[in-house]
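Visitor:
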Amino acid sequence: VNEVAFGSVLTLTCTVEGGLAPHKVVLSRPKTGGDLTWTRDSDDTDSLTCSGENVLTCIYMTDSNSYDGSGRFTCTGYNVLPETSNTQQSTVNIDVAVIKSVDVTVTSSSYEVEYGYGFTINSVAVGGPIPFYLEFSKLPLSGVAPQPIALYNTD
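In the numbering used here, the protein residues as written are 1 to 155.
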């Protein structure tokens, strides 16, 4: 899986080679709606950008990546065999995970509690994918190791 930071630019490069000059390349995108296609000798400017002759290099870029950019991209190259109507194709999958670092906030950094009474710590952990583990540690008493308290997201 290729990890891409949330909000950053995603660049995918698909190289297609087949001995003969490939005549078509299709990039399927997850969740973003549809395929981008490059076809040899086409003037379609609203498509995938490719360059080369027998070896094509196709580049796809998005900016300000969101979680919708996560998933499986598929690049498929097509070649028509000479003097036939047979088509050969080859497909490569590219798995992308858009991630965001985890930010943790706590409502207060220190508490004073009377002996024998309980207290509540309110904490929020935000990240992408959703954080699944949060750990609190008590400061050690002299000569005692920290005592972690683990919390798991069960959603």
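Backbone N, C-alpha and C define an ideal beta-carbon position, used for all residues, glycine too.
Shortest alpha-carbon distance to threonine 105 belongs to which of Ile130, Ile99 and Asn122?
Guide: Position 105 of the sequence shown holds residue 105. When only C-alpha atoms are compared, the closest one is Asn122.
Visitor: Measuring only the C-alpha atoms, how far is tyrosine 117 from serine 110?
Guide: Position 117 of the sequence shown holds residue 117. Position 110 of the sequence shown holds residue 110. Using only the alpha carbons, I get a separation of about 16 angstroms.
Visitor: Give me the DSSP bridge partner(s) of asparagine 93.
Guide: Here residue 93 is taken as the residue at index 93 of the sequence shown, counted from 1. Bridge partners of asparagine 93: Thr74.
Visitor: Determine, using beta-carbon pairs with one atom in the region 44 to 64 and one in the region 88 to 96, whether at least three such pairs fall under 8 angstroms.
Guide: no
Visitor: Give the straight-line distance between the Cα atoms of phenylalanine 119 and valine 126, rounded to the nearest whole angstrom.
Guide: Your numbering for residue 119 matches position 119 in the sequence shown. Your numbering for residue 126 matches position 126 in the sequence shown. Spanning the two alpha carbons is a distance of roughly 23 angstroms.
Visitor: Considering only the beta carbon of each residue, do asparagine 2 and valine 98 sit closer than 7 angstroms?
Guide: The count along the sequence shown starts at 1 and reaches residue 2 at position 2. The count along the sequence shown starts at 1 and reaches residue 98 at position 98. For asparagine 2 and valine 98, no; Cβs fall outside 7 angstroms.
Visitor: Using the DSSP secondary-structure output, state which residues sit across from aspartate 35 in a beta bridge.
Guide: Translated into the one-based positions of the sequence shown, residue 35 becomes position 35. Ser28, per the DSSP bridge assignment.
Visitor: Pull the bridge partners of glutamate 3 from the DSSP assignment, please.
Guide: Counted from its first residue, the sequence shown places residue 3 at position 3. Its beta-bridge partners are Ala97.
Visitor: For isoleucine 59, report the span of its beta strand (DSSP E) as first-last.
Guide: By 1-based counting over the sequence shown, the position of residue 59 is 59. Note, isoleucine 59: beta strand (DSSP E), 55 to 62.
Visitor: Is aspartate 68 helix, strand or coil when you go by DSSP?
Guide: To locate residue 68, count along the sequence shown from 1; it is residue 68. Reduced to three states, the DSSP call for aspartate 68 is helix.
Visitor: Mark arginine 29 as exposed unless 16 or more other C-beta atoms lie within 10 angstroms of its C-beta, in which case mark it buried.
Guide: To locate residue 29, count along the sequence shown from 1; it is residue 29. When all chains shown are included, arginine 29 counts as buried.
Visitor: Look at the Cβ atom of aspartate 68, then the Cβ atom of lysine 100, and state whether they are nearer than 7 angstroms.
Guide: Along the sequence shown, read from residue 1 onward, the residue named residue 68 stands at position 68. Along the sequence shown, read from residue 1 onward, the residue named residue 100 stands at position 100. No, the pair does not count as a contact, with Cβ atoms beyond the cut-off.
Visitor: Report buried or exposed for leucine 27, applying the criterion of at least 16 other Cβ atoms within 10 angstroms of its Cβ.
Guide: Within the sequence shown, residue 27 is the residue found at index 27, counting from 1. Leucine 27 should be labelled buried.
Visitor: Once DSSP output is grouped into helix, strand and coil, what is the label at threonine 15?
Guide: Stepping through the sequence shown from its first residue, residue 15 is reached at position 15. Strand.
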